[in-house]
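See structure below.
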Amino acid sequence: MKRNPGDAAAPSGSEVFLASGLSRRTFLKSLGTSAVTAAAMGAEQVSQGLAQANAERPVGPGAVPVTLTVNGEKKTFRLEPRVTLLEALRGEAGLTGAKEACDRATCGACTVLLDGTPVYACSMLAIEAQGAEITTIEGIAKNGELSALQKAMVDKDGLQCGYCSPGMVMVLTALLRKNPRPTEAEVRHAIAGNLCRCGSYPRIVAAARAASGQSAGTKLTFISSHDHAVA
Amino acid sequence: MPWPKETRWLGKETPRVDGPAKVTGRAKFTSDIVLPGVLHGAILRAKWPAAHVKSVNLEKARRAPGIKAAILVNEGEFEVRYAGQEIAALAGTSKQAVLDALALIEVSAEPAAFVVKELEAVKADAPQVFAGKANLTEGAAKETGEVAAAFAAAAAVAEATVSTPIQLHQPMEPHGHTVQIDGDELTAWSSTQGVFACRDSFAKSMNFPQSKVRVTCEHMGGGFGSKFNPGVEGLLCAKLAQAAGAPVKLMLTRAEEGLAVGNRPSSFQKLKLAADAEGKLTAFEIYSVGTPGFAAGANQGGGSGGASFPAPYIYKPAATRVKQGSVAVNAGQSCAFRAPGHPVASVGMEAVLDELAVKLGVDPVEIRIKNDPHEIRRKEYALGAEKFGWKEKYRKPGASPGPVKTGVGVAGAAWMSGGRGTQAEIQVNADGTVEVRVGTQDLGTGSRTVVQVVAAEMLGLDRDRITVRIGDSRFPPSGSSGGSQTTAAVSPAIFDACENVLAELKKVSGLDDPRGANWKAACAKLGSAPLQVRGKWREGLSTGGAGGVQFAEVGVDTDMGAVKVKKVLVVQDCGLVVNKLTCESQINGGVIMGLGYALYEQRVMDARTGFVLNPTLENYKLPGAADLPEIQIMLLDMPERGVIGVGEPCTVPTASAIANAVANALGVRVPDLPLTPDRVLAALGKVPKGATGTAARPDATAGAFAAVAAAPEAEWVESNGGCHSYT
Chain A
1446 MKRNPGDAAA PSGSEVFLAS GLSRRTFLKS LGTSAVTAAA MGAEQVSQGL AQANAERPVG
1506 PGAVPVTLTV NGEKKTFRLE PRVTLLEALR GEAGLTGAKE ACDRATCGAC TVLLDGTPVY
1566 ACSMLAIEAQ GAEITTIEGI AKNGELSALQ KAMVDKDGLQ CGYCSPGMVM VLTALLRKNP
1626 RPTEAEVRHA IAGNLCRCGS YPRIVAAARA ASGQSAGTKL TFISSHDHAV A
Chain B
12 MPWPKETRWL GKETPRVDGP AKVTGRAKFT SDIVLPGVLH GAILRAKWPA AHVKSVNLEK
72 ARRAPGIKAA ILVNEGEFEV RYAGQEIAAL AGTSKQAVLD ALALIEVSAE PAAFVVKELE
132 AVKADAPQVF AGKANLTEGA AKETGEVAAA FAAAAAVAEA TVSTPIQLHQ PMEPHGHTVQ
192 IDGDELTAWS STQGVFACRD SFAKSMNFPQ SKVRVTCEHM GGGFGSKFNP GVEGLLCAKL
252 AQAAGAPVKL MLTRAEEGLA VGNRPSSFQK LKLAADAEGK LTAFEIYSVG TPGFAAGANQ
312 GGGSGGASFP APYIYKPAAT RVKQGSVAVN AGQSCAFRAP GHPVASVGME AVLDELAVKL
372 GVDPVEIRIK NDPHEIRRKE YALGAEKFGW KEKYRKPGAS PGPVKTGVGV AGAAWMSGGR
432 GTQAEIQVNA DGTVEVRVGT QDLGTGSRTV VQVVAAEMLG LDRDRITVRI GDSRFPPSGS
492 SGGSQTTAAV SPAIFDACEN VLAELKKVSG LDDPRGANWK AACAKLGSAP LQVRGKWREG
552 LSTGGAGGVQ FAEVGVDTDM GAVKVKKVLV VQDCGLVVNK LTCESQINGG VIMGLGYALY
612 EQRVMDARTG FVLNPTLENY KLPGAADLPE IQIMLLDMPE RGVIGVGEPC TVPTASAIAN
672 AVANALGVRV PDLPLTPDRV LAALGKVPKG ATGTAARPDA TAGAFAAVAA APEAEWVESN
732 GGCHSYT
C-alpha cells in the first residue's frame, strides 16, 4: 500500500491547500483527469489556478518539522524535505539497523514496514512516511526477546556477513504475519527483492520455514574419514 | 593431530555467536558508526575515461554552506585514466550539503582518446592508457617438454576458445571508513578484511607512528577480496578528518562500488589439449589475454601481472606451452577476488578437457579421475558421481530431446588454503568468565564463532562463558582474512593459548584438571588479578590443500536461450570441520557466487563513452533467491588433516561445471561467460553472433591471440605460497 500524503491522517505541512479550499494536488488531478472540467473552468481561471499553485512552495528546501511514528514512538525532527526515510531513521532517529547498500530500491537492505507493509526506506522521503506506523528491525524483538523468525535465522544460520539480515527479517516478518505457513516458493518470492551477496538464501529459506513450524531440511551430508577411505 | 577426538563443540552445528546482534539490528557495522560531530565525506570522480586535468578549483565548494574541508587527490596537473578516478573530496555537515557542493568543484580538463575493450586495446593503433607504453604487457611464457611433438603424437587433440567477464565484488556494505584524529592519535573504523594491514597503511600514508594508529572492525558487510587496504577512499577520509579537525565518515555509494574498488580480471583464452589413446593427458597449450584495468595490477596467480591465472589448471601434462598477457584499458583496477585466478583458469581448462573427453569417447568423470594428480579429488569425483547419479544422467552432448534440453557437467577446484602467524590472548576472570582477544576480523565467514568454539572445546566450558573480542589492531596480531586462511591461522593460536591457560590454572589452583566441573573452583583461586595468557599459531594443528569437485545439472530453453541450473552437488574436503553450520553456509555462498559468474554477472563497458554501463545493482545482476538451484553438499571429514579453510575452493568450479552442463545439453559450447540468452541462441545459430559473443568469433579474437604470441616474453614467476598458489 502506498500512502497518499493528501490523506486526512497526514498532518498539515505535507500538503498545502490553496485559498479556494482546493488543494494543489486535487486541482492538478482534476486538470489531468477531466478536460471537460478544465474547459468549463475557463482558460483564465485555469491559468490563475496554475499560477497560484506554482507560486506555493509546499515545503522546503530548508528544514521543516517532520513527525514520524517509529516502533510505536512519535518523534519530530527538523529535516530538509529531500531527506529519505532511511536517512532520517539512521541519521536522526539513531536506528542504524536498516542499512544503506544500494540507495535506489534494488537490494532491500533498508526494508522497514509501513503500516505492516515492507517498503524500501531508501526510496521514500521521510515526509511521505508521516502518519504511518513505521516498524524497523529494532522494533521486532520485544524486550530483548528474539521473535521466532529471528531465533530461526540464528539457529539455521540464515546469515553470513549480516548486512542484508535486517531487511530479510523485515520482509519475512511481514510474510509470516500474512501467511503463517508459507511454502518454499512463497518464501523465495517474498525475499525476491532482497539481495544477499554472501549467498545465504538457502539457509534464509530454511529459517523462514523453521519459524513457521515446518521442516527446514538440510542438504548437508557429512562423510566420516572411515567411510570415504573405503569408497 | 592433537585435536580431541571426542568433542562437545568442535565439528558440531554451532549458531554464530553474533547472530542475535545481526538479526536485531544491534550489530554496529562500519557504516553504522556515529561519532559526535562527525562529518559526511564524499568524493568527486572523473567523468572522462581519459583526460589531462590542468586544474581543479575547490574554492566555490569550500565556501558552500556546511562544507568543512575540501582536498585534492593530486596537486597540479595530472592524467585521468578511467571514468570514476578520484579527483577531490569534501567533508560537510550533511550528506545533502556535500552533494550540493560537489557540483561546485571546477575541473579544467582536456578529454583524451581512450579504449575500454580488451580486443581493441591490444591493437597497435589503439589509444595508449599510459602514453608511450604499449597497452599489452609482455607475455609471461612457460614451456616444458616437446610441445609440438607431443601434439603430433597424440591420439586426440581438442581446442577451445572461451572468454570470462569482469566480475564485480559488490559486497552489501560498500567500502568505507570513519576516521578520527585526536591530537597525535588516529582511530579508524574500517570495513576491512585486515585491521593490521589498514593500520600500517594509514600510518604510512598519514605519516603517523604505527603505535598511534588504531583500526577497528567490529562487523563488516562482506569484502570477497576487495577490502584488504583502506583504499583511496580511506586515505581521503583520513585527510579530510585532518583538514576539518573533526571526525569524517566516508562510505562509497553503490555506483562507486562498480567503478573503483576492484574487480576480477577478464580473460580470453585459446586452449589446446591432447591425450593418448588411454585418455592420459600429454600436451597443453594456452594463449590468453585479459584486462586488470588501467594498470598492471597485482599478480593473480599466473606469471604475468594482473590478468594471468594458473595454467595448466590442476592437470600436469608433460608438454605445456603457456603464454599469458595483460592489456590495460581505461577502466577501474582489478584486485583480489575470492580465489583469485582460479575460477578464470577453471573455465578454460574444464572446457577443453570436456571437449577432449567427447573426442576420445571417454566419460568426463573418468578422464578427470584418470588425470587428476590429487588423491582426495579423485575420491571426490567417485563419491560425487554416485550421489549425483552421473552415470544415469550423462548423455552424449545434445542428445537431450525436446526444446528444453537438460545436461550435466563436472569440474574440480584446487586451493592452497593454509594460514599461520596469529597470536591470541585469553583473560580468565575470578568469576569463571573468559575473554579471548585476537586481532582477526569476521567477514561473515564465522571466524568470531570459530574462536569461541575452539576455546569452549579446549577449556571444557559452555560457550556462553566465553566472550570473543576481535577486529581491533590493539589485540594480538593476526593476518588479513584472505586466501581461506583465517580459520587455519586462528584456531591453532586459540588452541595454544588454551593449553597455556590450563597449565597456569593448574599451578594457581593446585587442581589437576581445571576444566569442566573444576573450572569455577580453579578460577576462584585467582583472586583480584585475572589470569592473562598468550598463545600463538603452531605447526601440526592446521594445514593447506583443499580439493573440491562440483556437479551441475541444467535445463536450457533452446527457444528462449534461458539457462536454469537445477542442481549443484558439492563434494568438498576441508580437514577438521570446526563448525558444520557456518561451513555449509560458506559453501552455499561459493556456489551461488559461481552461479552468478556463470549466468549473470559482467561489468559492461560502453565503447563510445568509456563508462561502466552497469555499476549499480539494478543492471549488474547478482543471483537472487529465485535463481537458486538445489544445492547439495557432501563434506569429507578428515580431522587427521587439521583445520583447513573452505571459503574459496567452493566457488572455483561452479561456473565451469555449469558451462560444461550447458555444452552437454546443447551439443555446442557457449564460449563466453556469462551464458546469457543472446549468447545461447547465438551458439545455436538462432541469432547472429553479436559483438557480445566475442570468443564465439575467431575473427574478433585472432588479433589478440596473435598479439600475445608475438609479445616479447617475460619470465614466468611461480607464485610462492600465500593465497594464490595451489596444489
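Same order as they appear, the protein sequences are chains A and B.
For the first sequence, the numbering used here assigns the number 1446 to the initial residue and increments by one for each residue that follows.
For the second sequence, the numbering used here assigns the number 12 to the initial residue and increments by one for each residue that follows.
Beta carbons are placed, not taken as given, at the ideal position from N, Cα and C, and that holds for glycine.
Query: Minimum length 4: unbroken alpha helix (DSSP H) runs contained in the region 575-623 of chain B; Result: 591-610
Query: Beta-carbon neighbours of Phe40/B, restricted to chain A and to distances below 9 Å; Result: Thr1541, Lys1544, Cys1606, Gly1607 and Tyr1608
Query: Contact check, Phe125/B vs Gly236/B, beta carbons under 9 Å; Result: no
Query: Partners in chain B for Thr1666/A, counting only beta-carbon separations shorter than 8 Å; Result: Lys398, Gln643, Ile644, Met645 and Leu646
Query: Backbone secondary structure at Asn68/B - three-state DSSP; Result: strand
Query: Thr148/B beta carbon less than 9 Å from that of Ala722/B; Result: yes
Query: For Gly5/B, the three-state DSSP class (helix, strand or coil); Result: This structure cannot speak to residue 5/B, because chain B is shown only from 12 to 738.
Query: Proximity test, Cβ basis, 9 Å: Thr1521/A and chain B; Result: no
Query: Boundaries of the beta strand (DSSP E) in which Phe295/B is found, first to last residue; Result: Leu292 to Gly301
Query: Under 7 Å from the C-beta of Pro1611/A: neighbouring residues of chain B; Result: Gly36
Query: Contact under 9 Å by Cβ, Val369/B with Thr433/B; Result: no
Query: 9 Å Cβ cut-off: residues of chain A touching Lys591/B; Result: Leu1665 and Phe1667
Query: Collapsed DSSP secondary structure at Asp1560/A in the structure displayed; Result: coil
Query: Cβ-based neighbour list, Lys260/B, same chain, cut-off 6 Å, excluding 5 preceding and 5 following; Result: Val49 and Thr189
Query: Contacts that Asp43/B makes with chain A (C-beta to C-beta distance below 7 Å); Result: Thr1541
Query: Selected residue, minimal CA-CA separation from Arg275/B, among Pro182/B, Ala330/B and Cys346/B; Result: Cys346/B
Query: Exposed unless 16 or more other CB atoms sit within 10 angstroms - verdict on Thr665/B; Result: buried
Query: Cβ-based burial, Asn1624/A [other Cβ within 10 Å; buried from 16]; Result: exposed
Query: Stretch pair the region 614-625 of chain B + the region 668-682 of chain B: three plus CB contacts closer than 8 Å; Result: no
Query: Contacts that Glu1573/A makes with chain B (C-beta to C-beta distance below 7 Å); Result: Near Glu1573/A there are no residues of chain B at all, since even the closest Cβ is about 17 Å away, more than 7 Å.
Query: Coil, strand or helix - Tyr392/B by DSSP; Result: helix
Query: Run of the alpha helix (DSSP H) containing Met217/B, from where it starts to where it stops; Result: Val206 to Met217
Query: Exposure label - Lys106/B; buried when at least 16 CB within 10 Å; Result: buried
Query: Straight-line Cα distance separating Pro1563/A from Gly1477/A; Result: Reliability fails at Gly1477/A, whose pLDDT of 44 lies under 50, so the model's placement of it is uncertain and the value that follows must be treated cautiously. One C-alpha to the other measures close to 30 Å.
Query: Of the residues Thr264/B, Glu229/B and Ala342/B, the one placed nearest Gln139/B, counting alpha carbons only; Result: Ala342/B
Query: Local conformation of Ala169/B per DSSP, three classes; Result: strand
Query: Neighbour flag for Lys106/B against chain A, beta carbons, 9 Å; Result: yes
Query: Chain A contact for Phe716/B (CB, 9 Å cutoff); Result: no
Query: Three-state secondary structure assigned by DSSP to Gln253/B; Result: helix
Query: 7 Å CB neighbourhood of Ser1657/A in its chain, flanking five on each side removed; Result: Leu1621, Pro1625, Arg1626 and Pro1627
Query: C-beta atoms of Tyr792/B and Pro384/B nearer than 9 Å; Result: Outside the shown range of chain B, which is 12 to 738, sits residue 792/B, and nothing can be said about it.
Query: Sequence-distant residues of the same chain with beta carbon closer than 7 Å to Val691/B, five excluded per side; Result: Val567, Gly572, Val574 and Val681
Query: Exposure label - Gly314/B; buried when at least 16 CB within 10 Å; Result: Since pLDDT at Gly314/B reaches only 46, below the 50 mark, its modelled position is unreliable, and the value read off the structure follows with that caveat. It is buried - the Cβ of Gly314/B has at least 16 other Cβ atoms within 10 Å.
Query: Where the region 1560-1572 of chain A meets chain B: residues whose CB sits under 9 Å from a CB there; Result: none
Query: Against chain E: residues of the region 447-461 of chain B by CB proximity under 9 Å; Result: Of the chains in the structure shown, none is chain E; the protein chains are A and B.
Query: Where Lys33/B meets chain A, residues with beta-carbon distance less than 7 Å; Result: Leu1604, Gly1607 and Ser1610
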